[in-house]
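Encoded as structure tokens, the structure appears first; notes follow it.
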Amino acid sequence: MIELHRIDSVGLRVTDLAQATERWSAQFGLRVAERGDTAARLACDDEPYSLELTAGAPAGLAHVAYELAAGCTLKQARAHLEQFGAPVSDDGEGGLETRDADGNEIRLIAHREPASLLVPHARPAVNPAPGHPRKLGHVNFLTGNLDAQVRFYTEALGMRTTDWLGDGGVWFHVNSDHHVMALIAKGAPHFHHLAFDVVDIGQMRAALDHLGRHGRWLGWGPARHGVGGNIAAYVRIVEEECFVELYCDMEQLQAGHQPRRWPDDRFSSNTWGPLPPRSYFRFDQAAIDSERESLEMLGVPLNEEIR
Ligand SMILES: [Fe+2]
């Protein structure tokens, strides 16, 4: 058997560790929990860490780590993954390492009790920065291999399907949050975003003002997703080839949730209005240049990506 409890952390490879640590901390209000010669670990609040930066190339996703549920041991998880046929090895830190159908590295760590069971705002402050994100909430991947990826995340990792967007998008949950992971069929695999939970749109406003003053821009949003219900804003991260989503007000699922299939239309994506520019699904230089100057909205179409 296998059962996940929550997303634990995202690992990113960075070309300049000192610069990246300072940048992620200063721009997103993350606390530097551990700093070494080859890696740094950053936290939103009082969790051990939720973002691990490792010196290396190429810059981008290194892994996603999930924590097992209290009733599921690493030994049980290993046996389940082996029975499924997924590659499994030790991650070198007491957990397990496997790969999804697109080859993305997935780590599983043993269940651990949180430092406090109280709601976040009733716990002693650990991060001195006001207005920091509350937690890492989910990740999102583009894929050209949707069927195999859905099979891996549901059958190998035991995630449960929350919603489908037509035939091209799938959202998965492991607890009451609408999603901990999502897949969008876009022809080729790429890590799309990691998402930090902010308390409300007021905190999002303060964070986006701060990010704008650091030269950041939004690839899309703020939008109100139909699927998931969350208010979301997507900050382009050129350096590590991804987006950071800041979100609030995500749908909370009830026991016995049954997957829904939403029509693939504008309203399902954004009840407030516009769909994203095509650059939102791309990480090449032409897309970044177009998005930085909002060229698609000025009537300049984005050319086909040259791979
Ligand atoms: Fe998201």
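Okay, so the sequence shown: first residue is 0 according to numbering that gives the first Met the number 0, each after it adds one. We put the CB at the ideal spot given by N, CA and C, even for glycine.
Query                                                                                                                                   : Result
Looking at the strands, I want to know which residues DSSP matches up with glycine 94.                                                  : Answer by DSSP bridge pairing: none, since glycine 94 is not bridged.
Quick check on this structure: which residue in Ala285, Trp219, Leu297 has the alpha carbon closest to the alpha carbon of leucine 271? : The question names leucine, but residue 271 in the sequence shown is tryptophan. Nearest of Ala285, Trp219, Leu297 to tryptophan 271, Cα basis: Trp219.
Pick helix, strand or coil for tyrosine 246, following the three-state DSSP scheme.                                                     : strand
Please identify the residue among Leu217, Arg212, His177 whose C-alpha is closest to the C-alpha of serine 293.                         : Leu217
With distance defined between alpha-carbon atoms, name the residue in Arg34, Ala56, Gly186 nearest to leucine 50.                       : Arg34
What's the gap between the Cα of serine 88 and the Cα of arginine 106?                                                                  : 10 Å
Express the C-alpha separation of alanine 181 and tryptophan 170 in angstroms, rounding to a whole number.                              : 4 Å
DSSP three-state call for isoleucine 1: helix, strand or coil?                                                                          : coil
When DSSP labels each residue in this structure, what does aspartate 48 get in the three-state scheme?                                  : According to the sequence shown, residue 48 is tyrosine rather than aspartate. Of the three classes helix, strand and coil, the one that applies to tyrosine 48 here is coil, per DSSP.
Taking Cβ positions, are glycine 165 and proline 262 nearer each other than 8 Å?                                                        : yes
Is glutamate 21 buried or exposed, if buried means 16 or more other CB atoms sit within 10 Å of its CB?                                 : exposed
What number of angstroms, rounded off, separates the C-alpha of leucine 193 from the C-alpha of methionine 0?                           : 27 Å
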